[in-house]
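Residue numbers (my numbering), protein chains in the order written: chain H, -19 to 391; chain Z, -6 to 241; chain P, 790 to 1347; chain F, 169 to 602.
Positions of the beta carbon are idealized from the N, C-alpha and C atoms, including for glycine.
Small disclaimer: the values here were computed from a predicted structure and weren't measured.
Have a look at the structure below, then the notes.
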């Protein structure tokens, strides 16, 4: 039924295209990496596989933020926390896989516990030697945190700035907590020196390609699931909550449950992104909880265009590619470029790249309509559902302090 | 006063914001099937009264009962809406980035939990009701238009349509005809009277022409309490009412 | 060994209680006068020179220490000059002839002076002389030796300093000297100090037990940390009735000190609160009043701190005499610099974003990155030195409460800024306009208020105040490009906790978070304490979704 | 439909291609050069320390080129900015080795950044020179540790305090991360082995960037008033030091009463501080700018000329890079190639002059020999050496004071070629349970 709707209705081509591209990348890139000889022009170097694989995880993270921010108006400044928790769950599995190959050769304890003189494995490390358990935790831990946090916050109707700030407080508190060596997660150094994943060497080229493919498929699935959610009646409800939360209440909807569901699903997606990220970069440490990281995710989403599903993916890929390039080519200048980008995007591209594209297409359609109208024909410009759904900036509760909107040059 | 037979029963209700008494020992009773018009100058407490009935604001003291037995002060907005109290806001509040049709889809009465919404498919019955409502509210040709692009009057109609879709027992309608043409105003009055055949209604309105058109009992609020109650002619000839509206 | 000091003629000395360096500077100065105008009834000068010459041969600290002791044992006031110079690291010997001099660096050369008479003795290149090294242990010995020599000083402060030194380093031999000094003493407060010093010396002497018991009483009466330290040390080695008396005294002092400790904690909490208040108060304007989520707020603070650095730099190179005024000069400049940058940000970026507060978050985050990197490019990535003016250095005691001057000034300053701001907002027409624009932009503009200018100036005011905060924070924190980052999250927490749009909320929020933090710290540790505070804020916001001092009523709910 | 497809296809691939092209461009050099990677943060929180090391590397490479380069080729520095972001360190390391094809990398400051790049160096088989003092407990085939191990810094400092200052009571204060935790574990074991009672050791951890030191300084003061001579061993990191020392100064804690010995405070950190109230507090390093040797004077002069700043300070990690770079140059000359395997073999036993007037040698455990200097802070922000080891100390990668590491040694010479050889079991691989 669901897939029937997806393929038959063709309701948003760009979703379809994105999924096809991602699946294609998941197949083609590993093949070009592993099977094509290194000298060939079609060879994808392992370096690129690792790099783009990392970007894809970021893209999934940005997509998860898009679900809550773009569609539901919840600006989470703590999404990096869910990402990091998923990453830690995966990292714990990878640490347990090292077994006695650690530098001290202790079969049970990870190295960092050995040299801090720990005698036995803390209880919360139990079970992580099993992949299925770790995989479950990857989703459960961020999901549960989001559920508990959201249940408190949304039920008490913490909204707008207040919500953003407490999500930031949440990730900041976790950052400080994970820095503590006593927590048993390796402190500042985090978890590293991974050897195997599911019995395959994490550093092997084939494993890396497989992880790349897994990331691409996960992202494709993420796109599909997000699309399913936002194109259902629930998705309409999400947008309704973003537009006028209290109005939905007067219609009998429980806005807090709507938000809670979206927030939890989003956290799970972020957790999965983190879990795929860790084996590819080879380390997870508290730095991922840094509030600055979470703000950067917001920026990727804004650059691509929030509330558009493909926008955040494009934003994450572009900004990170830019960051990779700048930090290598113009290391002294890259913060200027990054900062300038944020300013420029907010000023001139309030709806992001995808929003700009829609605007341009709408303008063209408008011209066609007026031409057609003059010719006496009647063309109905059906507005693209997802792209345009965005058009009202998600002000809602936010607009209050400064009153009515001022002129906005880019609109 | 007995609560039985009433659809809405307010007794001795007071609420204050930072020392300012918005509602002051207000008592108001609406019988089942009744339509009531409420008038009063700005700040008389009309909107706050609606906030109390719909659960947005908790009264400091007093009783608020729905349908003779439900204590509304113990429920929140969503529960109250599910019990059957619908509200149209003074400033038309529709979902701007949804189409007219989707606005109605979200308002149709039915299950209000997450998973049914996630796997919801529109039934023939729902499609028919939407068509009906679009016909009644004359928004048939705007079905696919974004609510944000509607005129003020059309938004008013859409919100009334949303109320209809919700199919509540009691409708609270705040200034339904602001921004409407005379013809539309008359049309709205006719529609409300029509709805009143099967529903109880409270209408807040400044437009005396419209209130006269409705031809129902009128309550005038002032400084959070009932100043005068009766037919429009009775109320408008009340000296205190005249003083409030004209005097100061 | 310090005993012979008593037989010296009284020295004209002025000892300030403050820095050791100051003490030594005074010492040298007055000693030079002394050498010129008095003829010391002293040991033979040649003998002294012979001892001093041994410094050149001292291969290690132990050897140097022996020479110091030998010099001190002469009890000749003239030895204070070379000893003071040694403590300061200013004593050198010439490689060619092993002659010992007092030296002062002058560029690539060392200016030499005679160690006893301070007569100029020419210049040598650095390579031709060797510095006689000194370490903490040596400095301690010298301090003790000099302390004994100043017991008979005509300056009361010098005698108190000497008594304090003797109190901390009790020697049995001091008792006799102190007895004599007590007999001569006329000033009550000094006498008390001398008696305390005597008591500490009595404990280590072989005087009878009842004298020692009396001494324990005297020391217990002081009640300070030093006294406790002394008695605790004594207690471990004592026996019988003396041990019991010491233990009892230690116990009672400990309980008194515990009370003082909680008072101290409150003070620390207030002081931390004042820092939070300073950091947050500008944000209370830009974020609280205007609704701009200004992530570049921390960088405004940083700009203020760098302005202080520049001002001090100019003063250091051009007007060294004005150094104590540097902060006063920096204040208006920091306000102008940060205010101007704020104005530029408002005019250039933020005014296009009113009504879209989330976008202001992104844009100002970008601005903060740019400002950080700009400062890094201009001033370099390392910390810059901003000095404390003398009136902000050091500490004073109220009972056992130790209050540092810089914290006290910052507390006073933060309150002054707060009330000034409150005055501007509540009592001036500008403040009225500001509030009018916030409450209802359209109405305000139709009443003839030029809303764009009010917006711009309000933002500039908030930024300027952040700059002022930077001047104060430069006194206690790093002046580096990362300065602002450290405060931004805390600032937002304070404003949100206190309630957006309410200045009093920010005040109460800052101080309550500060005190809370400081009371958690001793139990939970600094890290866990901070985490707990964050968790409490999160929980608090659930209870009061709009902060401590929320505005109520219909208008608030959008 | 087509339009949509191609546009979004472009978007997706554009990012990948942009990255690929962008990263490949710096490779366009005129003549063949030997590339040297410089992996130090130029932005973010660590820029404060690491930027100087980047400049040092540029300086060293320029000096070497003036001498005619290496193996007849010019050296070329490839500078990247890992931006204090640990995963980015790994990405940039990979970029340097795989894309820029550098022959060796000089970089990292924090342990976590080193840990983050380790797998990359292992996988792509390149060499990293790591110039900062660290907690030890590591010896990796591809990494050369030119900073101090705990036995080259912490233990001599404690010995000094014990012997010269008669300290009996110890406060171990550090930032809560691995280096202080491990160092303090080692010191605690060491102190206890010297007969210090448990209650005479106080351990305190604070978060990164801690700025309110009032309570802790008071605690130190109180701990120090127990009638025994007390000292503070500080492993407080980075930015937290300035407010810590300011608080010490303001609360009037003098070095004569409670000396503080720090392992992470160098000339660079002190440059941001008025040191007059701190005179006499101690630091332990393997190099001070004030060291009076001809090598050091020449180095400082050349460095100041290079940076065009006659006040520019030098510090210990800079010296570590000087030693590491010279060792690498010598090893490459000895091997006749920059091939990492050859260099890894040839560098062991290489000795180069350090700036303190001795010859430092690369030991088989990939750590180097260094003198240990204890210095007192002076009013001008410099350190004055008050004590130094009589000879050079070999870096001990596996501490003898931790139960699980005391049986381990590292020796990268054939045939042992092992980073964690267990002398008790005679096997490579820690406890060697397999």
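Using a Cβ-Cβ cut-off of 8 Å, residue 402 of chain F does not count as an interface residue toward chain H, since no Cβ of chain H sits closer than that to its own.
Collapsing the DSSP output to three states places residue 28 of chain H in a helix.
Listed in chain order, the non-local C-beta contacts of residue 254 of chain F below 6 Å within the same chain comprise 280, 281, 284, local neighbours out to five positions each way being set aside. With a threshold of 8 Å between beta carbons, residue 373 of chain F makes contact with chain P. Buried is the label assigned to residue 221 of chain H, since at least 16 other Cβ atoms lie within 10 Å of its Cβ. Burial check for residue 11 of chain H: the Cβ neighbour count within 10 Å stays below 16, so the residue is exposed.
Judged by their CB atoms, residue 130 of chain Z and residue 154 of chain Z are nearer to each other than the 8 Å cut-off.
Here residue 418 of chain F is buried: its Cβ has 16 or more other Cβ atoms, across all protein chains shown, within 10 Å. Across the set H/188, H/168, H/290, the C-alpha of H/290 shows the shortest separation from the C-alpha of residue 210 of chain H. For residue 169 of chain Z and residue 1235 of chain P, the gap between their C-alpha atoms comes out near 28 Å.
Residues of the stretch 100 to 122 of chain Z whose Cβ lies closer than 9 Å to any Cβ of chain H, in chain order: 100, 102, 105, 106, 107, 108, 109, 110, 111, 112, 113, 114, 115.
If you ignore the 5 residues before and after residue 279 of chain H, its C-beta comes within less than 6 Å of the C-beta of 322, all in its own chain and listed in chain order. Listed by position along chain P, the residues whose Cβ is nearer than 9 Å to that of residue 90 of chain H form an empty set, because the closest Cβ is around 21 Å away. Annotation: residue 574 of chain F to residue 1034 of chain P spans about 48 Å, alpha carbon to alpha carbon.
Judged by DSSP secondary structure, residue 88 of chain H falls outside any beta strand (DSSP E); it is assigned neither H nor E.
Shown here, residue 319 of chain H sits in a helix according to DSSP, grouped into three states.
For residue 313 of chain H, no chain Z residue has a Cβ inside 7 Å of its Cβ, as the nearest lies near 39 Å away.
Contacts with chain Z (Cβ-Cβ distance below 8 Å) from the stretch 230 to 247 of chain H involve 230, 231, 232, 233, 234, 235, 237, 238, 241, listed in chain order. Cα atoms of residue 438 of chain F and residue 549 of chain F: separation of roughly 6 Å, rounded to the nearest angstrom.
Taking 8 Å as the cut-off, the beta carbon of residue 1330 of chain P is found no closer than this to the beta carbon of residue 152 of chain H. In the three-state scheme derived from DSSP, where H, G and I count as helix and E and B as strand, residue 302 of chain F is classed as coil. Residue 1043 of chain P sits exposed, since fewer than 16 C-beta atoms from the chains shown fall within 10 Å of its C-beta. For residue 159 of chain H, the secondary structure class from DSSP, reduced to helix, strand or coil, is helix. Residue-level contact by beta carbon fails for residue 334 of chain H and chain P, as no gap is shorter than 8 Å. For residue 159 of chain Z, the chain H residues whose Cβ falls inside 8 Å of its Cβ are 231, 232, in order along the chain.
DSSP assignment within the stretch 968 to 993 of chain P yields the following whole alpha helix (DSSP H) runs of 4 residues or more, N-terminal first: 977 to 993. Judged by DSSP in its simplified three-state form, residue 358 of chain F adopts helix. Secondary structure at residue 58 of chain H: coil, using DSSP grouped into helix, strand and coil.
For residue 215 of chain Z, the enclosing beta strand (DSSP E) has its first and last residue at 210 to 215. Assigned with DSSP and collapsed to three states, residue 124 of chain H falls in helix. Contact of residue 293 of chain F with chain P is not assigned, every C-beta pair being separated by 8 Å or more.
Residue F/449 holds the alpha-carbon nearest to the alpha-carbon of residue 401 of chain F among F/424, F/580, F/449. The beta carbon of residue 271 of chain F lies closer than 7 Å to those of 202, 203, 204, 506 in the same chain, with the five residues before and after it left out. For a Cβ distance threshold of 8 Å, residue set 159, 161, 167, 168, 169 of chain H lies close to residue 345 of chain F, ordered along the chain. In summary, the residues of the stretch 1137 to 1159 of chain P whose CB is separated from some CB of chain H by less than 7 Å are 1138, 1140, 1141, 1142, 1143, 1144, 1145, 1146, 1147, 1148, 1151, 1152, 1154, 1155, 1156, 1158, 1159, in the order they occur in the chain.
In this structure, the CA atom of residue 1090 of chain P is about 20 Å from the CA atom of residue 1137 of chain P.
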